[in-house]
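Numbering (my numbering), first residue to last: 209 to 572.
Below: one structure, written as structure tokens.
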């Protein structure tokens with residue numbers, strides 16, 4: 209049985225673990241929207257498969273797949289990856305899936321945030337999003353995990369990172385955006401984060417690097433790599449499209465302390481040498497309600513959008529001069545983990561990356 213709990217994680221002694229803590233499995237959703245993924249989604253499906261295979265070296269992967277794609281996905285994915293039929297609107301499980309919390313006894317619960325496709329009718333990226341808004345509850349049912357529903361409060365998993373010890377980081381650009389929770393003040397939003405993630409301190413960065421897509425998710429800019437340690441994108445090139453955000457974020461994090469009062473140690477992670485843009489054979493369907501992708505559009509190609517797994521880190525690669533440097537820098541942050549690069553240009557064309565298309569379930 210998986211039931212709804214009319215309480216909050218903080219009241220019940222549940223907290224969101226850091227991504228670097230032990231995990232039970234990773235969830236993903238198979239891409240197939242022809243109005244977001246080029247050429248019927250086939251190149252993106254190959255990239256998702258490669259990410260799933262890389263993760264499966266370290267822990268189990270469950271791929272959620274729409275009914276019409278079940279046979280195709282099952283045929284294309286290796287047998288160690290579990291394939292589960294689940295209706296969806298698109299493939300961003302980080303944002304529409306549950307955020308898992310656990311207590312000291314190892315019991316797991318899920319948080320089912322309201323999801324409105326990054327801005328609803330104000331500036332959301334597609335309509336409808338009704339099936340995605342049900343993914344979190346379905347995953348909790350699948351895993352027989354009780355859940356909390358934040359009715360009337362919109363949040364995506366990609367907009368938060370926690371250290372598991374009372375600190376959460378996020379961006380003002382995203383959480384204070386008009387399409388999320390305009391009825392709430394910054395303080396009220398902060399209180400919700402503290403109540404549902406069981407945190408004492410919120411570190412607010414100002415902006416993200418993708419104002420048009422997710423309104424500036426934190427997972428493209430910075431994350432916690434260990435208690436007391438953060439990573440942040442970095443460039444010294446004023447021509448880099450992410451220069452200002454990187455400098456600003458690094459400055460804020462370097463001056464921040466966490467919930468335990470520790471001054472953060474901040475690791476720098478390079479940006480790509482050249483901006484990644486949409487070009488050439490980019491054949492996507494026109495559908496009313498979906499934001500179109502255009503030739504020359506800047507892609508949000510951040511190496512920071514990596515996923516920490518048991519004993520490993522899965523890092524985006526873009527066929528860029530700085531690919532190898534990014535892997536080196538991530539390896540230095542995680543000396544005890546195996547760092548694996550996966551070419552995810554096809555994912556970034558769709559508006560996200562490895563962290564955006566995955567959601568970890570902590571070990572019970």
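We put the beta carbon where it would ideally sit given N, CA and C, even for glycine.
Range of the contiguous alpha helix (DSSP H) that encloses residue 462: The count along the chain shown starts at 1 and reaches residue 462 at position 254. If you look at residue 462, you'll find it in the alpha helix (DSSP H) that goes 451-462.
Sub-8 Å separation of residue 576 and residue 382 beta-carbons: This structure gives no information on residue 576, because the portion of the chain shown stretches from 209 to 572.
Euclidean distance between Cα positions of residue 406 and residue 444: As a working mapping, residue 406 is identified with position 198 in the chain shown. As a working mapping, residue 444 is identified with position 236 in the chain shown. When rounded, the distance between both Cα atoms is 36 Å.
Three-state class that DSSP yields for residue 567 in the structure shown: As a first step, residue 567 must be located in the chain shown, where it is residue number 359. Here residue 567 sits in strand by DSSP.
Three-state secondary structure (DSSP) of residue 557: Taking the chain shown and counting its residues from 1, one reaches residue 557 at position 349. Helix at residue 557.
Contained beta strand (DSSP E) runs [length at least 3] in the region 391-438, N- to C-terminal order: 409-413 and 430-434, all fully within the region 391-438.
Exposed unless 16 or more other CB atoms sit within 10 angstroms - verdict on residue 355: Your numbering for residue 355 matches position 147 in the chain shown. Residue burial is scored here from C-beta neighbours: residue 355 has at least 16 other C-beta atoms within 10 angstroms and is therefore classed as buried.
Meets three-Cβ-pair contact criterion under 8 Å: the region 518-535 and the region 469-481: Touching, per the Cβ criterion.
From 454, 326, 330 and 250, residue whose alpha carbon lies closest to that of residue 239: Here residue 239 refers to the residue found at position 31 of the chain shown. Answer by Cα proximity: 250.
Coil, strand or helix - residue 573 by DSSP: With the chain covering 209 to 572 only, the question about residue 573 has no answer from this structure.
3 or more residues per run - each beta strand (DSSP E) lying fully within the region 304-390: Taking only runs of at least 3 residues, the beta strand (DSSP E) segments lying wholly in the region 304-390 are 307-310, 316-322, 354-362 and 375-379.
Beta-carbon contacts of residue 549 that lie in its chain and below 7 Å, excluding the five residues immediately before and after: On the chain shown, residue 549 is found 341 positions in, with the first residue counted as 1. Setting aside the 5 residues that flank it on each side, residue 549 is surrounded in the same chain by 523, 525, 531 and 535, each with a C-beta closer than 7 Å to its C-beta; the list follows chain order.
Coil, strand or helix - residue 213 by DSSP: The residue labelled residue 213 in the question sits at position 5 within the chain shown. Three-state DSSP puts residue 213 in coil, outside helix and strand.
Residue environment, residue 570, which counts as buried when at least 16 other CB atoms sit within 10 Å: For the purposes of this step, residue 570 is taken as the residue at position 362 of the chain shown. Buried, because 16 or more other Cβ atoms sit within 10 Å of the Cβ of residue 570.
Contact under 8 Å by Cβ, residue 473 with residue 465: By one-based count along the chain shown, residue 473 stands at place 265. By one-based count along the chain shown, residue 465 stands at place 257. Annotated as distal: residue 473 and residue 465, with beta-carbon spacing of 8 Å or more.
Residue 410 to residue 279 span [Cα, whole Å]: Within the chain shown, residue 410 is the residue found at index 202, counting from 1. Within the chain shown, residue 279 is the residue found at index 71, counting from 1. Rounded to the nearest angstrom, the two C-alpha atoms are 44 Å apart.
Element boundaries [beta strand (DSSP E), containing residue 533]: Here residue 533 refers to the residue found at position 325 when the chain shown is read from its first residue. Where residue 533 is concerned, there is no enclosing beta strand (DSSP E), although the alpha helix (DSSP H) it sits in stretches over 531-541.
The region 430-440 / the region 450-465 touching (three or more Cβ pairs under 8 Å): Output reads yes: the region 450-465 touches the region 430-440.
Within the region 220-289, ranges of the beta strand (DSSP E) (whole runs, at least 3 residues): You should have 231-237 and 269-273.
Assumed close pair residue 269, residue 213 - CB separation to whole angstroms, cut-off 8 Å: Start at 1 with the first residue of the chain shown, and residue 269 comes out as number 61. Start at 1 with the first residue of the chain shown, and residue 213 comes out as number 5. Contact doesn't hold; Cβ gap of about 27 Å is too wide.
Endpoints, beta strand (DSSP E) assigned at residue 465: Counting from one through the chain shown, the residue named residue 465 turns up at place 257. First-last for residue 465: undefined, no H or E at that position.
Coarse secondary structure for residue 218, derived from DSSP in three states: As a working note, residue 218 is residue 10 in the chain shown. Here residue 218 sits in helix by DSSP.
Per-residue DSSP class, three states only, for residue 301: Residue numbering aside, residue 301 sits at position 93 when the chain shown is read from its first letter. The three-state reading of DSSP puts residue 301 in helix, counting H, G and I together.
Cβ shell of residue 551 (< 6 Å), same chain only, five flanking positions each side left out: In the chain shown, the residue the question calls residue 551 occupies position 343. Only 525 meet the Cβ criterion.
Buried or exposed (CB count within 10 angstroms, at least 16 for buried), residue 447: Counting from 1 along the chain shown, the entry for residue 447 is found at position 239. Under this definition residue 447 is an exposed residue.
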